[in-house]
Every structure is written in structure tokens, then in C-alpha cells.
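For the record, the sequence lines run as chains W and A. Residue numbers for the first sequence follow our numbering, so the first one is 914 and each next one is one higher. Residue numbers for the second sequence follow our numbering, so the first one is -19 and each next one is one higher. From the three backbone atoms N, C-alpha and C, an ideal C-beta is built for every residue, glycine too. These notes concern the structure reproduced below.
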Amino acid sequence: MNAVMKMSTGMNWTKICALEDIPRLGARVVHSGHGDIAVFRNAEDEVFALRDKCPHKGGPLSQGIVYGKHVACPLHGWQIGLADGQAVAPDVGCTGSFPIKVEEGQIYLQL
Amino acid sequence: MKMKKMKLVMVGNGMAGVRTIEELLKIAPGMYDITVFGAEPHANYNRILLSPVLAGEMTIKDIMLNDVDWYEQNGIRLHLNKKVVRIDRRARKVTAEDGTEEDYDRLLLATGSNPFILPIPGKELQGVLTYRDIGDTNAMIEASGQYKRAVVIGGGLLGLEAANGLKQRGMDVTVVHLAEWLMERQLDRTAADMLKKSLEARGLKFLLQKQTTSINGPLIDGKAGRVESVSFSDGETIPADLVCMAVGIKPNDDLARSAGIHCTRGVVVNDTLQTYDPRIYAVGECASHRGIAYGLVAPLFEMAKVCANHLALMGIGRYQGSVTSTKLKVTGIDLFSAGNFTGGADTEDIVLQDAVGGVYKRLVIQNERVVGGVLYGDTVDGAWYFQLLRDKQNIAEIRDHLMFGQSHLGNSGHQGQNNAANMPDEMEVCGCNGVCKGTIVKAIKSQGLFTLDDVRKHTKASSSCGSCTGLVEQILASTVGGAYEPQQTATKPMCGCTDHTHEEVRKTIREQHLLSIPDVQRFMEWRTPNGCASCRPALNYYLLSTWPHEAQDDPQSRFINERAHANIQKDGTYSVVPRMFGGVTDAKQLRRIADVVEKYDIPTVKVTGGQRIDLLGVKKADLPKVWADLAMPSGHAYAKALRTVKTCVGSEWCRFGVQDSTQMGIDLEQAFWKMYAPHKVKMAVSGCPRNCAESGIKDVGVIGVESGWEIYVAGNGGIKTEVAQFLCKVKTAEEVLEYSGAFVQLYREEARYLDRTVHYVARVGLDYVKKRVLEDTEGRKALYARLQFALQGEKDPWQERAAGAGRGEFESFEVAV
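Written out as C-alpha cells, the structure is:
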């Protein structure tokens, strides 16, 4: 998560919800001015934020099954890396990711 | 603090070894510092495609599997052109010819095999070659440009491919063979004679039952000159400018032998591919496993998988030997052979022969199982027969049409296509993903794919509905030839997270009384921290179906449809299908549906094929409210569960009806709704043999007759239409419930996740189902009781959620930015 914070100059952190509002190995959608954003929580309580559109056919990634640091798109099963939005080879494609952090049990997105 | 990595040194840079490294990198990346020695100047190439190169159909570039960059990208130190000559086992060090030394913690021998050279005078003459590697291939290509007359010694697989290649290159080729017929280790006489005839038609000449005694040529200044002729034991001598010896291979175990490692004919390994020195492993053609050294590619891949698993210290997996198949890679000649094709006293033959059409098929059957076969002229079903052979599948039920192939069983592609070889490159194979034949062939060649799973991953062909699997397998088999390895369905692991099969997982869950997904993954040593999108839903189902009311459901391991209790659509909205028991509704329900449609602005209302109403385009957030307003039970149209029980009007109204099918359908649906299963389950009840409810294509189809009810099972109206099979006839409605219930419970307990009843019954056989459901009365009652126990107290998911349960799933967050 620190890696994404580097590019965060000049933008504000917006509070989204509590970490507990998202189930482990689950996700919730955030409707924002930047379009829908999928916020994921993995088994280790790490959080990730991706544009809620699969690079394949625009499927809502927030509805997929989360495992390890990946999510499987609910429409056609593409596997997308949570950290970078990259599709797992041999599929090729990438969806945007957003800086995200957890502080005192609250999730913040930088938009 | 960084732990020092272990060092893995591999000697031999061929397909078996590199495949082992690839498997190892997949499951334990970064575990070893890897060094590879290759005696050839090339990186890893696809040796089995040398014949198309010789024949001028492909180039060396086409057959490279891993180029030098691949080694670099994976951090592997590559020593090309360096032959390892010494292993110092005490110091754990190998030394190459040029003095290069490398230390090892684990050593992997993949030194392959050497061509056998006949110990006859003249073998060292110029123009006497073997056929083994790129060097030999290039030498033959070069010779074909300068010389005219070629003699190939050896009428086996390799010899014939060499002969064909040289002929294609314009040479005048004679094949000399010791045995009575060609390829005597793969073919019976009939097939061999047909093969010889068609090769003769291409201009090849054959001398059978000829023993070569000498190769003749001049000595120039004491050095061997160019070959001039070949002589045989019967005194005959024929002229030759090029001699290719293709009389067999022998495992290259010289290095291991010189290091004192036990070798017989090859380096002796156990079922984990370990040699007598526990730090040293051997794979591929140099290894001798249970007394066999394999010379074909398919077994090497199985070895690679097992060996990598042990190198990664996972300790799962045994290599227990391979059944191999052979395919001649000569364009235009279709030939396939596998297993015990000669048969014996306790085997039976099924033979189909059409000498004029050039087709010959012979299957050897033992105890109702295929144990071997030879196909000539029409090898379309080779892959399928081989699969039956490897799975040891009982063929009693399909015996009468076995010879006519898989397409005859209605299991191949669409558009009536069942012969991949005859398809043009631009013809579509996979209708779901729009993949044509040419794309698949190109991917197989350029990416070096060998398995169906690889092809699915790279091309998507057959990865959706799977109905073109047979075609894709044919394309794979004909493109890679003998390296083709059909999916071993009987021992196929659940997914990449484990080496355990579905059956092993189910058994362990039952025997160890495991109750949660993490428990299973821990106990069975899953490789991944929390599984994947493919194993988690399966595990969740296995747990719930094995331990109802005990195992805890994990919504995060369910596919979105089962988590949201509605069907996700392409735009991210959902569809809602309320349950109408037996397809019967009334004014109140219809009025409520109409009100809901207007209130929530639902764009599409459609009548389904299952006699229900589908509301499409519902926003996820509206779902609980929609369910509350509908006040109808969930139709489970989104779930691997009982969907609908379709009915016809039956005796209540219909002038032909002999039974009250509507009531029977309502009773079935009331009894079994809320029942989750390995896949969706559809039922139907017709009130007379006119069968208006289409009971013949349902998982359980019931047809009313004057004297009672007929029950049919394992039908399917979907991807591939499968007619349901007759299970039994019963008298009463109670019996219909008990027998159908017992059947679905058997399916729930034993089928693999995502297998429909048709797949399950095809695997275990209808006889087995009859034994469990019909013959064993106590067993049937127990099955039915277990189903009733599982369904006891099961709640309607819509009602629960309308009342507020699992609210979070339907919530989203809003930000102003």
C-alpha cells in the first residue's frame, strides 16, 4: 500500500467505510465521480481498490470471487491482480487502480 | 536476513528436463538457484517436430519451445554446448568437458537417449547418420540437396518419418527393415500392410526381413570416405549416398553410470523419480522406471510434474508409469496405436476393415475395457479410445457402437462437425469464444502447448460450454502427435491449488469430519493460502452436502449468483425468477409481479423455458425490496440447485392425460426445492406418453402411464442434447418421490462439482445407479432419508434477505468526489 501512496501528492483521502463493512475475501462498490470503484479486502486484511470494470468485457469485478491477491471476474472468469489491476497471463489487459489505506479501522480512498 | 537458496543443477536441456523446471517454477518460484547444462548449441526445442522440419513443413524456428531469453527471464544460468562429463557425488559438483564446474544441492539428470548404432563395418563412413537432433536433421537436409540415393535402416516410427522427409526433399529412398512388417511394435500386420502400400504409392521402396551386414565405402588416406552401398545377409547390395540409421534408441545413462549410480537400461528411479542417490533425480528418456525407459514425450510430462513436486519438497504425487500412444507424423497418413494392440487368449477384438476406403480399426477389449487398439486411415477417435483405455472405463453399455466413434455418441462439436482434420483453418471450432481451427493450431505450435488445459488457457477454445472439447482434443492430438496426452480425468487434480482429485477431497472431508474450507485446505495441504475461484465453490458444496446442518456456508466462496440469490447479467444488473410450483400461478401472484415490475422500473419481463417468469434488469440494491414485494419463494434460477419442475396439464384437464402430472410436479418441487447440488437440476412430469413436459431431456423426467409412472434420469437439453435413460417404473406418487429423491441424493453425494447428472451417470454407468437405487431397497431408503435430512429446516433465501439477513451484500457506498 505504501507504494501507491507515493503518487498521492496534492489529492485528498476520502473516508469510505469501516474495514469491518467489507467481509474477508469480499468486496463492496463505491459510487464516485470517477465511476464505480471496487474495494476489496483479502484474508490478511489488506485492502485494494480497482475500477469496477474488467478489462475484458467490463464485468463488475466487485462481484467476483476474491482469492489470494486476485479476483475472478464474475462474467467470464478473467483473473485480475488486486494490487495492479493486471489480468493474469495468458489474458492481457489492465484495469485502473486507486490509492487506498486503512487507518484506525477505517478505509480511505484517494480520489 | 535471507536464507541461502538451494542449488539445482540440471544436466540435459531437452523437453523432459525443461518441463520439470517449468513445473517447479510454477509451484515453488525462487526456491532454487537453477543451472542448466545442454550439450547441444540450441535452447530447448520440440524434438517431436523434427520430422515436419525434415519434410520441409516447418522450420527450426517454429519448433523452439524456450529460447535463451526464457532462461534469462527466469534467472536460470544456461551453459550451452557444454557436455557434463563428471559427477562428484561426495563434493556435490558436476564438471563439464571444458572444465566448467557447478555445485549442487539437488541434481536433475535429463540426459535423454542416444540413437542405437548398428555394430557393422562401415558405420563410420561419411554420409552415415542417425536421426535424433537438430544437427542430424540439418545434415540430412543438406545431403538431400547434393545426393540422390538414401537408405533408411529401420522401419519403425522414426525411420519412416525420416524416410518420408527425405523423399519429400527429393531423394530416392529405400527403407530396410528386419522384421516381417513395418512398425511391428506399434502395428499389427493388417495395418502395417496398408501403411506400406500407401507409402509405396508415395514412391518409397521397402526391403523387409533384410538384415544389414555392412555399409560400404572407400578408405581415403586411411580415413573413411563417402558411403557407396549397403549389403545384406542374403548377399544383396544396393547403392546408397546417404544412410540413416533409425534402429532404436538407448537411454543415455553413461554419466550416471560413471558416477556409480545404479543403472540398468537407463538410470533407475523410484516413483518419485529419485535415483539411488537421494540428492539426484532423473526424468525423461534417460530414466528407467519400473523397468521401462520411455521414448515418447507424453510420459515425460507426467514425470516432470511429479519430479517438480518432490523437488519443491511438497512430497505429493507418484509417477506410476504410463500407457503410451503412437501417432505417425507423416502428413496425409493417419495412424494411431496404443496399449496392447495384439491381444491374447483372454481378449476380444472388434475389427472394422474397409480395404478400398483405406480404413482399418481394431480395438482390443478385455473384461469390457479397452486395453489397446490400432487405427489406420481414420484416427479421429484415437484420442477418445485412448482416454477410455487410460480411464479403464467400462464400455459394456456403448460396446455396440464403440467402433463408430465418439461422434456417434453425440459427443463432438457443433454444426455436425466431428472430424477436425477435415476442417479448414478458418472454420470456427469454439462457438462460445469464436475460436477457429487455425488459431488453435497456431497457438499449439508457437506456444508449445501439449495439454487441453494449456490450449484452453491460451485460446479459450472449449473453455466455456465445453461442447467442442472433442474437436479441440483432436486438433491437439493431430498437431503434436505422439506427445499428446489426454486429460487423465480419473486422476485429474481439482485445480492448480492441489494435487488431490475431487474424489479424494470428498473422501477426506467425510472421513476426517472436516467442516470448513480452511480446515480442508490445511489438512490436505493446499498450495495456495485460500484456494481459487475454481476450488472454493466446490469445497463449499462438498462440505455442505457431506455435513448438512454442521458445516458452515461460506458466502465468499460462492459464485456471485448464489451469493446475491439472483443471476448477474452482462451489464451488472440481476434477474429475478420467482418459484411457481409445478408451473402453476394465480391472479394474485401475477398482480404482484406486475406491480413489482412497475414499481422498480424493471425493463424486461420474459417467460422462461421452465414455465416461470423472469424479471430482467433489476438493480442489485433493489433485490431485497423486490423479493419482499413479490412475496414468492426463490426460484433458485441462479443456483446449482433444483431449478424447475416442468409439467404438462395432465389428467385434470387434458383429454389424453392418464395421470395428474401437475400435482406430481408440484409435489416433487415442494419436496426438493432448496436442494443444492453439484450443478443445476431440472425435472419434468408428463401426464401421458405424449410427453408434453419434455421429460426425456431432464435430470429426472417422469412420464405418467396408465399403470403408474416411468422415471427417466440423466437427460440434458442444454449444450448437448442427451436423451434421459429409463431407470424404472413405479406405481405411486410416493414411490416417484422416493426413487427420484434417492437418485438425486446419490448424485449429490458422488458427482464432481459442476458435473450434471448426465456426466455423473456416464462416469459411473447406469447399472451402478440401478444397483444403488433399485436393487438395494435399504440403500434407497437411506439415500432418500439423507436428502430429507439435508433439506430439513432449510430456509427460503429470499424471505430471509427480504427480512434483512445478509444486508451488506446489497449495500454500496457513495462518495461525492
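How would you call residue i, buried or exposed, if buried means at least 16 neighbouring beta carbons within 10 angstroms?
{"i": "L570(A)", "result": "exposed"}
{"i": "K801(A)", "result": "This structure gives no information on residue 801(A), because the portion of chain A shown stretches from -19 to 797."}
{"i": "I993(W)", "result": "buried"}
{"i": "A762(A)", "result": "exposed"}
{"i": "G324(A)", "result": "exposed"}
{"i": "A574(A)", "result": "exposed"}
{"i": "S31(A)", "result": "buried"}
{"i": "Q367(A)", "result": "buried"}
{"i": "F769(A)", "result": "exposed"}
{"i": "S93(A)", "result": "buried"}
{"i": "M163(A)", "result": "buried"}
{"i": "E453(A)", "result": "buried"}
{"i": "Q189(A)", "result": "exposed"}
{"i": "G390(A)", "result": "In this predicted model, G390(A) has a pLDDT of only 45, less than 50, meaning its place in the structure is not dependable; the value taken from the coordinates is given anyway. When all chains shown are included, G390(A) counts as exposed."}
{"i": "D49(A)", "result": "exposed"}
{"i": "A71(A)", "result": "exposed"}
Express the C-alpha separation of residue j and residue i in angstroms, rounding to a whole number.
{"i": "A142(A)", "j": "A742(A)", "result": "42 Å"}
{"i": "A673(A)", "j": "E542(A)", "result": "27 Å"}
{"i": "K605(A)", "j": "D566(A)", "result": "22 Å"}
{"i": "A619(A)", "j": "L276(A)", "result": "45 Å"}
{"i": "T624(A)", "j": "N46(A)", "result": "52 Å"}
{"i": "V797(A)", "j": "Q549(A)", "result": "28 Å"}
{"i": "P613(A)", "j": "Q779(A)", "result": "7 Å"}
{"i": "G312(A)", "j": "R245(A)", "result": "35 Å"}
{"i": "H381(A)", "j": "L355(A)", "result": "16 Å"}
{"i": "A204(A)", "j": "G18(A)", "result": "29 Å"}
{"i": "H242(A)", "j": "A262(A)", "result": "12 Å"}
{"i": "E715(A)", "j": "H616(A)", "result": "25 Å"}
{"i": "V210(A)", "j": "K177(A)", "result": "24 Å"}
{"i": "W926(W)", "j": "E794(A)", "result": "14 Å"}
{"i": "R57(A)", "j": "T75(A)", "result": "15 Å"}
{"i": "D756(A)", "j": "G773(A)", "result": "28 Å"}
{"i": "N54(A)", "j": "S555(A)", "result": "47 Å"}
{"i": "V738(A)", "j": "A694(A)", "result": "4 Å"}
{"i": "K966(W)", "j": "V460(A)", "result": "38 Å"}
{"i": "L235(A)", "j": "G10(A)", "result": "28 Å"}
{"i": "S238(A)", "j": "V64(A)", "result": "12 Å"}
{"i": "R736(A)", "j": "L622(A)", "result": "12 Å"}
{"i": "V661(A)", "j": "W653(A)", "result": "10 Å"}
{"i": "V339(A)", "j": "V360(A)", "result": "11 Å"}
Please work out which residues of its chain come closer than 6 Å, Cβ to Cβ, to residue i, disregarding the five sequence neighbours upstream and downstream, and give them in chain order.
{"i": "V917(W)", "result": "Annotation note: pLDDT 44 at V917(W) (below 50); position unreliable, coordinate value reported separately. Only P1012 meet the Cβ criterion."}
{"i": "P95(A)", "result": "T110, R112 and I229"}
{"i": "I14(A)", "result": "L(-12) and I56"}
Using DSSP bridges, identify the partner residues of residue i.
{"i": "T627(A)", "result": "V665(A)"}
{"i": "E780(A)", "result": "Answer is none; E780(A) lacks a bridge partner."}
{"i": "M44(A)", "result": "Y25(A)"}
{"i": "D68(A)", "result": "K73(A)"}
{"i": "A962(W)", "result": "V952(W)"}
{"i": "R349(A)", "result": "Q346(A) and N374(A)"}
{"i": "E1016(W)", "result": "Q1019(W)"}
{"i": "W926(W)", "result": "Q1023(W)"}
Do we get a CB-CB distance below 8 Å when we pair residue i with the residues of chain D?
{"i": "T1008(W)", "result": "Protein chains W and A are contained in the structure displayed, whereas chain D is not."}
State the CB to CB distance for the pair residue i and residue j, rounded to an integer number of angstroms; the pair is presumed to be in contact (CB under 8 Å).
{"i": "L995(W)", "j": "D958(W)", "result": "So it is not a contact: roughly 13 Å between Cβ atoms."}
{"i": "N374(A)", "j": "R349(A)", "result": "6 Å"}
{"i": "L495(A)", "j": "E530(A)", "result": "6 Å"}
{"i": "C410(A)", "j": "A363(A)", "result": "About 17 Å separates the two Cβ atoms, so there is no contact after all."}
{"i": "G297(A)", "j": "I272(A)", "result": "19 Å between Cβ atoms; not a contact."}
{"i": "I455(A)", "j": "K417(A)", "result": "6 Å"}
{"i": "V577(A)", "j": "V585(A)", "result": "6 Å"}
Only counting the same chain, and skipping five residues up and downstream in sequence, which positions put a Cβ closer than 7 Å to that of residue i?
{"i": "H438(A)", "result": "A423, Q427 and L429"}
{"i": "L524(A)", "result": "A531, D533 and Y656"}
{"i": "P800(A)", "result": "Lying before the first or after the last residue shown, residue 800(A) is absent from chain A, which here runs from -19 to 797."}
{"i": "A782(A)", "result": "P604, W607 and A608"}
{"i": "D326(A)", "result": "Q346"}
If you measure from the CB of residue i, is any heavy atom of the ligand FAD nearer than 7 Å?
{"i": "I455(A)", "result": "The ligand FAD is not part of the structure shown, which contains no ligands of any sort."}
Skipping 5 residues on each side, what residues in its chain have a beta carbon closer than 8 Å to that of residue i?
{"i": "R941(W)", "result": "C930, D934, I935, A951, V952 and S975"}
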